Amino acid sequence: MGLRLKIGATITATAALAVLVMGVQVPQMLADRERKEMTARLALLVEAYETSGKTAMGAQLGRTDIPDELRKEMAHGRRAFYVEDTSDGVRWLWAGQPVKGGTTLTLVVASRPLIGEVNRVMLQSGVIGVIVASVIGLALASRFGHRLRTSARSARRIADGDLTARLPESGNDEIAALTQAVNAMAEALASRLQAEREVTANIAHELRTPVAGLIAAAGLLAPGRVEGMVQERARRLRDLTEDVLEVARLDNGGEEADLGWVELGGLARRVVRAAVEEPAGTGPPLVRLEVIADVTVRTDPRRVERILSNLVSNALRHGAEPVLVQVEGALVRVRDRGAGFPDHLLTHGPQRFRTSAEGKGLGLGLTIAAGQAGLLDAHLAFENHLDGGAQATLHLDAAPTPEP
1 MGLRLKIGAT ITATAALAVL VMGVQVPQML ADRERKEMTA RLALLVEAYE TSGKTAMGAQ
61 LGRTDIPDEL RKEMAHGRRA FYVEDTSDGV RWLWAGQPVK GGTTLTLVVA SRPLIGEVNR
121 VMLQSGVIGV IVASVIGLAL ASRFGHRLRT SARSARRIAD GDLTARLPES GNDEIAALTQ
181 AVNAMAEALA SRLQAEREVT ANIAHELRTP VAGLIAAAGL LAPGRVEGMV QERARRLRDL
241 TEDVLEVARL DNGGEEADLG WVELGGLARR VVRAAVEEPA GTGPPLVRLE VIADVTVRTD
301 PRRVERILSN LVSNALRHGA EPVLVQVEGA LVRVRDRGAG FPDHLLTHGP QRFRTSAEGK
361 GLGLGLTIAA GQAGLLDAHL AFENHLDGGA QATLHLDAAP TPEP
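Residue numbering for the sequence shown is 1 to 404, as defined by the numbering used here.
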């Protein structure tokens, strides 16, 4: 049950309970008032009789047709009161008291239909009041619920990485205070992340020149194991520096896609060919391409190739062979046979500098792939296949084939 229904149900239940309590209390109060008035009149009539020996105001001595309950009470020598409801709908109020001479003085009057009218009016008013309270409660709950749902959507955007999203601020209540606090938190978080990104990008930029010099110096080493090891480490440092700079460019929004027509199957084939050089006779390939249906799409070939290269590299590095690259129309799937993506990646998507459970990698490859996909207005989804292994699916917008 949503908050709107809960608030509306609470207000309705409160109004109904108030009507019920009033429906019980008010008739009881009127009945007590009638009792007090009758006993007070009887006390005056008894005093007048014992003083003057005469009855007045309809009081009667020694009446025999009184109700049994009244007679039993007066038999104990005390003043009594009794209400008699007859079959014809008349309500009789009886009051009696023993007096001197061994007799009784009784007074009986027909009650005004006040309690019945009050009950009827209260029932009608109560039903109307409950309906009105329900409508008002649902209206208020809808207003609060709408504000909370809008804030929740904005909060989810912030959680998904859109640090420009802000919760709408309106009103001067607790929801507004919560909204202001969340917006202040988002502002501080955005400022901190921007500062960290700038520092990281600056460091990477400053490293480009020394890394290039390191690679050049490594090329001067004498051929051998040490030379190969130094060059391999230098290349990895260069690739890491370039990856960090590419992430920074994507974050700054300064990149633009260079669109053109390209066959998706041929583009995937180049990625697979570049991913692994397969010597003849060495067994099954590490990466296998399967083109179910090839299409021509309008996109940025270099960026799509970058996305697929990073997906294949990630599958080879963190998954298990063989890796399958499958082209089906405007969909490209990259699947490995490993343990699958970690839970945090499936929930929050790729995050830079967050390593896998084994502590391998910096999370830049998939972060770049996701950023490049966003630049192309493509959809990149990550999931674990039912038969095991991680699967990334790139969905490019299908476009009509250009006329020759």
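Note that CB positions come from ideal geometry on N, CA and C, so glycine has one too. Computed from a prediction, not measured in an experiment: that's the story for all the values here.
Segment contact, 8 angstroms Cβ cut-off, at least three pairs: the stretch 125-132 with the stretch 13-31 | yes
Stretch-stretch touch, CB-based, cutoff 8 angstroms, three pairs: the stretch 30-39 with the stretch 162-172 | no
Tell me whether L20 is buried or exposed, calling it buried when 16 or more other Cβ atoms sit within 10 Å of its Cβ.
-> Here residue 20 corresponds to residue number 20 of the sequence shown, with the count starting at 1. Looking at its Cβ environment, which holds fewer than 16 other Cβ atoms inside 10 Å, L20 is exposed.
Where the beta strand (DSSP E) containing I292 begins and where it ends | In the sequence shown, residue 292 corresponds to position 292, counting from 1. Its beta strand (DSSP E) spans residues 287-293.
Could you please give the first and the last residue of the uninterrupted beta strand (DSSP E) stretch that includes T223?
-> Working through the sequence shown from its first residue, we reach residue 223 at position 223. According to the sequence as given, residue 223 is Pro; it is not Thr. Taken as a continuous stretch (DSSP letters only), P223 belongs to no beta strand (DSSP E), as it is neither H nor E.
Cβ pair S313, G388 closer than 8 angstroms | Reading the sequence shown from its first residue, position 313 is the one you call residue 313. Reading the sequence shown from its first residue, position 388 is the one you call residue 388. No, the pair does not count as a contact, with Cβ atoms beyond the cut-off.
For the alpha helix (DSSP H) that contains T106, what are its first and last residues?
-> As a working note, residue 106 is residue 106 in the sequence shown. Careful: T106 lies outside any alpha helix (DSSP H), inside the beta strand (DSSP E) at 103-110.
Quick one: using the 10 Å Cβ neighbour count with 16 as the cut-off for buried, is L380 buried or exposed?
-> On the sequence shown, position 380 is the one that residue 380 refers to. By the neighbour-count rule (16 or more Cβ atoms within 10 Å), L380 is buried.
Short check: CB of L394 to CB of I307, under 8 angstroms?
-> Taking the sequence shown and counting its residues from 1, the one referred to as residue 394 is at position 394. Taking the sequence shown and counting its residues from 1, the one referred to as residue 307 is at position 307. In contact: L394 and I307 (Cβ atoms closer than 8 angstroms).
Alpha carbon to alpha carbon, what distance is there between V135 and L30?
-> Against the sequence shown, residue 30 aligns to sequence position 30. Against the sequence shown, residue 135 aligns to sequence position 135. If you take the alpha carbons of L30 and V135, they lie about 32 angstroms apart.
Quick one: what does DSSP say L70 is sitting in, helix, strand or coil?
-> Within the sequence shown, residue 70 is the residue found at index 70, counting from 1. Reduced to three states, the DSSP call for L70 is helix.
Measure from the alpha carbon of V297 to the alpha carbon of each residue in D65, A330, N202, then state which is nearest.
-> Residue mapping note: residue 297 aligns to position 297 of the sequence shown, counting from 1. Answer by Cα proximity: A330.
Say yes only if the C-beta of R153 is nearer than 7 angstroms to one or more non-hydrogen atoms of the ligand HEM, and no if none qualify.
-> For the ligand HEM, the structure offers nothing, since it holds no ligand at all.
Selected residue, minimal CA-CA separation from R302, among L44, H76, L267, M22 = Locating residue 302 in the sequence shown gives position 302, where the first residue counts as 1. Checking every option, the nearest Cα to that of R302 belongs to L267.
Just reading off the alpha helix (DSSP H) that A268 is part of, what are its end residues?
-> On the sequence shown, position 268 is the one that residue 268 refers to. First-last of the alpha helix (DSSP H) with A268: 264-275.
Which value, in whole angstroms, describes the spacing of the CA atoms of E47 and G137?
-> Position 47 of the sequence shown, counted from the start, is the residue given in the question as residue 47. Position 137 of the sequence shown, counted from the start, is the residue given in the question as residue 137. Each residue's Cα considered, the two are about 57 angstroms apart.
Closer than 8 angstroms by C-beta to G219: which residues in its own chain qualify, once you throw out the five before and the five after it? Chain order, please.
-> Working through the sequence shown from its first residue, we reach residue 219 at position 219. If we look at G219 and ignore the five residues flanking it on each side, its Cβ neighbours are Q231.
The alpha helix (DSSP H) spanning A315 covers which residue range?
-> The count along the sequence shown starts at 1 and reaches residue 315 at position 315. Element bounds for A315: 301-318.
What does a CB cutoff of less than 6 angstroms around R337 pick up in its chain, not counting 5 residues either side in sequence?
-> Along the sequence shown, one-based indexing puts residue 337 at 337. So the qualifying residues of the chain are A320, G389.
Leaving out five residues before and five after R153 in sequence, what residues of the same chain have Cβ atoms less than 7 angstroms from its Cβ?
-> Within the sequence shown, the letter at position 153 stands for residue 153. Answer for R153: no residue qualifies.
From G101, R78, G265, residue whose alpha carbon lies closest to that of E50 = Locating residue 50 in the sequence shown gives position 50, where the first residue counts as 1. Comparing Cα-Cα distances from E50 to each of G101, R78, G265, the minimum goes to G101.
Taking Cβ positions, are G96 and A80 nearer each other than 8 angstroms?
-> Within the sequence shown, residue 96 is the residue found at index 96, counting from 1. Within the sequence shown, residue 80 is the residue found at index 80, counting from 1. It is a contact, given that the beta carbons lie within the stated cut-off.
Minimum C-alpha distance to L237 - residue among G224, V323, I215 = Here residue 237 refers to the residue found at position 237 of the sequence shown. When each option's Cα is compared against that of L237, the closest is I215.
Cα-Cα separation, A293 to A275 | Mapped onto the sequence shown, residue 293 falls at position 293. Mapped onto the sequence shown, residue 275 falls at position 275. For A293 and A275, the distance between alpha carbons rounds to 22 angstroms.
Pick helix, strand or coil for Q391, following the three-state DSSP scheme.
-> Along the sequence shown, read from residue 1 onward, the residue named residue 391 stands at position 391. Q391: strand per DSSP, three-state reduction.
Residues near P98 by beta carbon distance below 6 angstroms, same chain, minus five either side = Mapped onto the sequence shown, residue 98 falls at position 98. Once the five neighbours on either side are set aside, the close Cβ partners of P98 are M74, G77, T104.
Nearest to Q391 by CA position, among A339, P67, G371, Q351, is which residue?
-> As a working mapping, residue 391 is identified with position 391 in the sequence shown. Considering only alpha carbons, the answer is A339.
Nonlocal neighbours in the same chain, by C-beta distance under 6 angstroms from Q326, ignoring five residues either side | Numbered from 1 along the sequence shown, position 326 holds the residue referred to as residue 326. Counting only Cβ-Cβ distances below 6 angstroms, and skipping sequence neighbours, we find E290, R333.
Where does L250 fall in DSSP's three states?
-> Along the sequence shown, one-based indexing puts residue 250 at 250. If DSSP states are grouped into helix, strand and coil, L250 belongs with the helices.
With DSSP collapsed to three states, give me the class of D239.
-> Taking the sequence shown and counting its residues from 1, one reaches residue 239 at position 239. Reduced to three states, the DSSP call for D239 is helix.
Based on Cα-Cα distance, which residue from L221, L376, A370, H348 lies nearest to R157?
-> The residue given as residue 157 occupies position 157 in the sequence shown. Minimum Cα distance to R157 is reached at H348.
Thinking C-beta only, is L107 closer than 8 angstroms to L45?
-> Here the question's residue 45 lines up with position 45 in the sequence shown. Here the question's residue 107 lines up with position 107 in the sequence shown. Yes, the Cβ-Cβ distance between L45 and L107 is below 8 angstroms.
Apart from the five residues just before and just after E328, which ones in its own chain have a Cβ nearer than 6 angstroms to its Cβ?
-> What you label residue 328 is simply residue 328 of the sequence shown in a count that begins at 1. These residues qualify, in order along the chain: I292, A293.
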